[in-house]
Amino acid sequence: MTFFNKDDILNAFHYRASTRSYDGNKKISDDDFYAILEMGRLSPSSVGSEPWQFLVLQNAHLRQKLKPYCWGIPTMETSSHIVAILAKKNARYDTPYFGQIMDRRGLTGEAREKALVVYKKFQTEDIAILDSDRSLYDWASKQTYIALANMMTGAAMMGIDSCPIEGFDYKEVNQILADEGLFDPAEWAVSVMCTFGYRDKDIKPKARKAFDEVVKFME
Ligand SMILES: Cc1cc2nc3c(=O)[nH]c(=O)nc-3n(C[C@H](O)[C@H](O)[C@H](O)COP(=O)(O)O)c2cc1C
121 MTFFNKDDIL NAFHYRASTR SYDGNKKISD DDFYAILEMG RLSPSSVGSE PWQFLVLQNA
181 HLRQKLKPYC WGIPTMETSS HIVAILAKKN ARYDTPYFGQ IMDRRGLTGE AREKALVVYK
241 KFQTEDIAIL DSDRSLYDWA SKQTYIALAN MMTGAAMMGI DSCPIEGFDY KEVNQILADE
301 GLFDPAEWAV SVMCTFGYRD KDIKPKARKA FDEVVKFME
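First residue of the sequence shown: 121, per my numbering; consecutive thereafter.
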């Protein structure tokens with residue numbers, strides 16, 4: 121394993137900037153974009169739930185359909201790639217979906233039963249997300265933001281720009297994509313989107329809270 125110099129990594133964090141203007145003629149190579157998707161797929165998630173799917177929206181007609189519901193942003197046309205990240209609905213501990221999680225973890229027999237008791241307590245009492253469908257969905261949605269962050273930072277490390285997108289009409293966008301047959305709306309819904317491409321102008325340096333304002337050491 122090759123490890124990376126922290127200054128290079130931090131430089132990539134500074135370089136990453138929400139990009140609202142792309143060079144529409146520059147496309148990310150398939151090879152590079154597959155690597156970015158891998159960074160999403162390899163992301164960590166609570167109990168290994170991986171409650172995500174990545175829809176890569178390259179169809180120009182579909183992008184046009186979505187644009188009015190994405191605040192009309194021009195990057196719906198000019199970005200090289202757009203990913204709609206779906207989050208799983210109803211990822212309850214007692215569903216076949218959870219069974220698959222346990223399969224992936226190689227849990228069988230007594231170990232599986234013990235894990236189920238832990239997952240039940242976790243979802244019911246500890247993190248307490250079974251009070252509504254919305255709470256359960258939001259838990260899945262939180263996991264998708266980890267994949268989102270990894271894809272954006274990984275892209276920046278490759279010199280590729282991105283912009284996370286929550287600024288859209290969730291109801292309309294979900295309807296359009298589900299009507300296209302891209303997912304079953306009983307099972308999945310769009311959590312967040314992200315555009316990718318290459319900036320066509322400089323972006324001013326970040327404004328951030330001071331380090332001491334956000335970090336406290338307890339010694
Ligand atoms: C979850 C999330 C959703 C966002 N949605 C939008 C969006 O819809 N449109 C947009 O222009 N920027 C969006 N942003 C970008 C933020 O405005 C931006 O991250 C913030 O101002 C900090 O700037 P930076 O990303 O360039 O460091 C979003 C950021 C996050 C993390």
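Don't be surprised by glycine CBs; every beta carbon is placed ideally from N, CA and C.
Does ligand 1 have a heavy atom nearer than 8 Å to the CB of Trp191? Because some heavy atom of ligand 1 lies under 8 Å away, the Cβ of Trp191 counts as near it: yes.
Helix, strand or coil: which one does DSSP assign to Asp281? In the displayed model, Asp281 falls within a strand according to three-state DSSP.
Output needed for Val167: all residues of its chain with C-beta closer than 8 Å, excluding positions within five of it in sequence on either side, in chain order. Cβ neighbours of Val167 beyond the five flanking positions: Ile221, Tyr239, Phe242.
Three or more C-beta pairs closer than 8 Å, one from the stretch 173 to 186 and one from the stretch 293 to 312: is that the case here? The stretch 173 to 186 makes contact with the stretch 293 to 312, as at least three CB pairs between them are under 8 Å.
Here's a check: name, in chain order, each residue in its chain whose Cβ is nearer than 7 Å to the Cβ of Ala267, leaving out the five neighbours to either side. Cβ-Cβ distances below 7 Å link Ala267 to Gly160, Ser163, Trp172, Ile205 in the same chain, with the five nearest sequence neighbours on each side left out; the list follows chain order.
Any alpha helix (DSSP H) of 4 or more consecutive residues that is wholly inside the stretch 131 to 215: Counting only runs that start and end inside the stretch 131 to 215, the alpha helix (DSSP H) elements of at least 4 residues fall at 150 to 161, 180 to 186, 195 to 198.
Glu360 and Lys187: beta carbons closer than 9 Å? An answer regarding residue 360 cannot be provided, because it is not within the stretch 121 to 339 covered by the chain.
Hey, quick one: how far does the alpha helix (DSSP H) through Ala306 stretch, first residue to last? Segment: none, Ala306 is in no alpha helix (DSSP H) and carries neither H nor E.
Three-way DSSP call (helix, strand, coil) for Thr315 in this model: Secondary structure of Thr315 (DSSP, three-state): strand.
Looking at the unbroken alpha helix (DSSP H) that takes in Asn125, where does it start and where does it end? Premise fails: Asn125 is in no alpha helix (DSSP H) and is neither H nor E.
Terminal residues of the continuous alpha helix (DSSP H) containing Arg328? If you look at Arg328, you'll find it isn't in any alpha helix (DSSP H); DSSP assigns it neither H nor E.
Through-space distance from Ala309 to Phe218, alpha-carbon basis: Take the alpha-carbon of Phe218 and the one of Ala309: they are about 18 Å apart.
How would you call Glu245, buried or exposed, if buried means at least 16 neighbouring beta carbons within 10 angstroms? That one is exposed.
Three-way DSSP call (helix, strand, coil) for Lys240 in this model: In the displayed model, Lys240 falls within a helix according to three-state DSSP.
Going by the C-beta, is Ala137 closer than 8 Å to any heavy atom of ligand 1? At least one heavy atom of ligand 1 falls within 8 Å of the beta-carbon of Ala137.
Say yes only if the C-beta of Pro216 is nearer than 8 Å to one or more non-hydrogen atoms of ligand 1, and no if none qualify. Proximity of the beta carbon of Pro216 to ligand 1 is not indicated: no heavy atom of the ligand is located closer than 8 Å.
So what does DSSP say about Lys336, is it helix, strand or coil? Looking at Lys336 - three-state DSSP - the assignment turns out to be coil, as it is neither helix nor strand.
With respect to the alpha helix (DSSP H) encompassing Lys291, which residues constitute its N-terminal and C-terminal limits? Under the DSSP assignment, Lys291 falls in the alpha helix (DSSP H) whose first and last residues are 290 to 299.
Count the other C-beta atoms from every protein chain shown that fall within 10 angstroms of the C-beta of Ala260, then say buried if there are 16 or more, exposed otherwise. Within a 10 Å sphere around the beta-carbon of Ala260 sit 16 or more other beta-carbons, which makes this residue buried.
Is Asn125 buried or exposed, if buried means 16 or more other CB atoms sit within 10 Å of its CB? By the neighbour-count rule (16 or more Cβ atoms within 10 Å), Asn125 is not buried but exposed.
CB of Tyr318 to nearest heavy atom of ligand 1: below 8 Å? Remark: the shortest separation between the CB of Tyr318 and any heavy atom of ligand 1 does not fall under 8 Å.
Just checking my contact of Ala137 with Lys326 at CB under 8 Å: how many whole Å lie between their CB atoms? Cβ-Cβ separation between Ala137 and Lys326: approximately 7 Å, consistent with a contact (criterion under 8 Å).
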